[in-house]
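In what follows, a single structure is set out as structure tokens and then discussed.
Residue numbers (UniProt numbering): 1 to 675.
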């Protein structure tokens, strides 16, 4: 042990120390490049107390330390595997039946040093980051496994089962790069007390855990990692999430399969905007509910509607070319798979393809994050944090520049009171948003509207794709945009190199005005389905197509326009044919008469008088019913002997006599009942 860190003194402004001591304590890394910064601290970083090494160790101590950590990990895995082989079913059945309080009690007995709550990295940065003299081994373990805590394990049994299953099924080297990835934030923030050695540790293969000299080729491909970072990573045991390191260099299958899913979602969204009037009306209505649309005049509102539609097309366009780049890298891997070995660089063509894919993902992630930040300012659910006042005769740009925020999003109060507005690491932010929305009511979930949720889904997919690519081993070489333009001739790079013309605000106004005035502010199709109704229902597709066509000759535009697609034309023709058929049937339909126009000339009964034998007839006298004179008078009024006699009688007279007869009958029944 030699060369301890300099002595820092706490002052109100921060931490101070003797510059000469800092200069003496600096340990230069074997190589000062971005790829080596994940294994060593640079010279400039070591001027801060948090990034200075605690002390240096000899090569023998480095070998002993690395072998001890590897041996400990292997023995732990063997012990847990043996226990699960005989008690796994019992563990799963009993753990599910336990309440959260009972799970908390059992976990505390087994691992009492676990952290209590989630998001330790966030809370540590606000409360304990500068307490250098209070760092403990227990807190170090909490930072190494930020996803492992009582709150997660007692709430979700699947997390514990996944942890035990994956960590015993696969060897430790399969999770090494994932563990290092999860501790990058704490490493970059200087939250660990680390020791220095110029050696490196092998990360994969049969020599996993061996201490070797630094080699540029092995380090830059990810086969080895600097000793300071590697020994810190070995102690971690984070949740696997089903990911493992790809040693053969093939892009992860999920990276190739998730990209078409996002592309199809983007194209389905564009198709629905053209074919479904209610869908596009709801879409534009959602735009007009935002803060910026409320302060904009008609011209600016039309301009922003066109800009939003153009962004929707860009979503599809970017996912389309990400899919093309993924397939290109997959094909090259299949071609050069036999020449890819651990510790050796990958083939030049495959290296260029992976570098181009990584650069595309990085640029898209930065662009979409910037767009999401601008959308957050105007979202109705985030309006509580911003002030934007409308001023007459003031340009919209001036109004936007005058927007103010009430509070800072990167504070401890924002973390505790409004996690949806808090900003931090992207992967952690996605997990926090999902956890926060799952535990709150619908009103809180509604703050993330469909525009923000669509952007969040894309950013999350881009982030996961980028991390999956960077976890591949051997690692590709990072590329810059000019180098990609020089070597790659595929569509996205050719299109970007030509630098397409940016559209002016006036052009966006002219493009969006017909859609807003002619459709959104107009009446929806109503009334009977006829030719006029059909033409009115096709208005969104025509206006939406004009918006995209007005933006110029966009590449892959034919894939999203439905006006010229055979399926759309067939559907329109079929619907028009059905409507015309109904119109024709309605106009030709006549009333079906149930009676003949003229009575028949003669109707002969089935049995004529000539056919009846008169001798066989027996004439019986009709039975007579004895009634009162008044009742007989009513019957004569109802059934007169002659047709013309009925015209002489008045209906009121008939009704009066009927009522009198009924009243008399009631009286007679009452008298009879009384007797």
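We put the CB at the ideal spot given by N, CA and C, even for glycine. The structure presented is a predicted model; accordingly, all values stated were derived computationally and were not measured.
Contact under 9 Å by Cβ, residue 547 with residue 512
yes
Please list the terminal residues of the continuous beta strand (DSSP E) segment that includes residue 225.
224–226
What number of angstroms, rounded off, separates the C-alpha of residue 168 from the C-alpha of residue 217?
31 Å
Is residue 224 buried or exposed, if buried means 16 or more other CB atoms sit within 10 Å of its CB?
Counting other Cβ atoms within 10 Å of its Cβ, residue 224 reaches 16 or more and is therefore classed as buried.
Considering residue 202, what are the terminal residues of the beta strand (DSSP E) in which it resides?
200–202
Nearest-angstrom Cα distance between residue 148 and residue 365?
28 Å
In the DSSP assignment, what are the bridge partners of residue 212?
200
For residue 330 and residue 247, the rounded distance between their alpha carbons:
Its pLDDT being 39, under 50, residue 247 is placed unreliably by the model, and the measurement read from it follows with that caveat. Inter-residue distance for residue 247 and residue 330 is about 15 Å (C-alpha atoms, whole angstroms).
Using the C-alpha atoms, what's the distance from residue 264 back to residue 484?
27 Å
Rounded C-alpha distance that separates residue 439 from residue 51:
37 Å
Taking the alpha-carbon positions, what's the residue 18 to residue 49 distance?
Taking the straight line from one Cα to the other gives about 12 Å.
State the Cα-Cα distance for the pair residue 492 and residue 108, rounded to the nearest angstrom.
54 Å
Strand pairing of residue 85, partner residues [DSSP]:
None; residue 85 has no bridge partner.
Residue environment, residue 605, which counts as buried when at least 16 other CB atoms sit within 10 Å:
Only weak support exists for where residue 605 lies, its pLDDT of 49 falling under 50; the coordinates are left without a value.
Residue 461 vs residue 181 beta-carbon contact at 9 Å
Taking 9 Å as the cut-off, the Cβ atoms of residue 461 and residue 181 do not count as close.
Taking residue 215 as the reference, which of 198, 208, 373, 627 has the closest Cα?
198
For residue 17, the three-state DSSP class (helix, strand or coil)
strand
In three-state DSSP terms, what is residue 40?
coil
Taking residue 183 as part of the alpha helix (DSSP H), name the residues at either end of that continuous run.
Run containing residue 183: none; DSSP gives neither H nor E here.
Could you give the distance in angstroms between the alpha-carbon of residue 103 and the alpha-carbon of residue 153?
8 Å
With respect to the alpha helix (DSSP H) encompassing residue 139, which residues constitute its N-terminal and C-terminal limits?
Per DSSP, residue 139 belongs to the alpha helix (DSSP H) from 137–144.
Buried or exposed for residue 402, please, with buried defined as at least 16 other CB atoms from any protein chain shown within 10 angstroms of its CB.
exposed
On the criterion of 16 or more Cβ atoms from any shown chain inside 10 Å, does residue 412 qualify as buried, or is it exposed?
exposed
When we look at the beta-carbon of residue 638 and count the other beta-carbons within 10 Å, is it buried (16 or more) or exposed?
exposed
So what's residue 268 in DSSP terms, helix, strand or just coil?
Three-state DSSP puts residue 268 in a helix.
Which of helix, strand or coil DSSP assigns to residue 122
helix
Going by DSSP in three states, residue 159 sits in which element: helix, strand or coil?
helix
Quick check: the Cα distance between residue 7 and residue 141, rounded to an integer number of angstroms?
25 Å
Beta-carbon separation of residue 545 and residue 447 under 9 Å?
no
C-alpha distance - residue 245 paired with residue 212, whole-angstrom precision:
Since pLDDT at residue 245 reaches only 39, below the 50 mark, its modelled position is unreliable, and no value is offered.
What number of angstroms, rounded off, separates the C-alpha of residue 498 from the C-alpha of residue 156?
51 Å
With 9 Å set as the bound, which would you pick, yes or no: does the beta-carbon of residue 226 sit closer than that to a beta-carbon of chain C?
Among the protein chains of the structure shown there is no chain C, as only one such chain exists.
Where does residue 56 sit, in a helix, a strand or coil, going by DSSP?
If DSSP states are grouped into helix, strand and coil, residue 56 belongs with the strands.
Among 23, 40, 25, whose alpha-carbon lies nearest the alpha-carbon of residue 31?
40
Please determine if the stretch 448–458 and the stretch 466–473 are in contact, where contact requires at least 3 C-beta pairs separated by less than 8 Å.
no
Suppose you measure from the CA of residue 389 to the CA of residue 441; what does that come to, to the nearest Å?
30 Å
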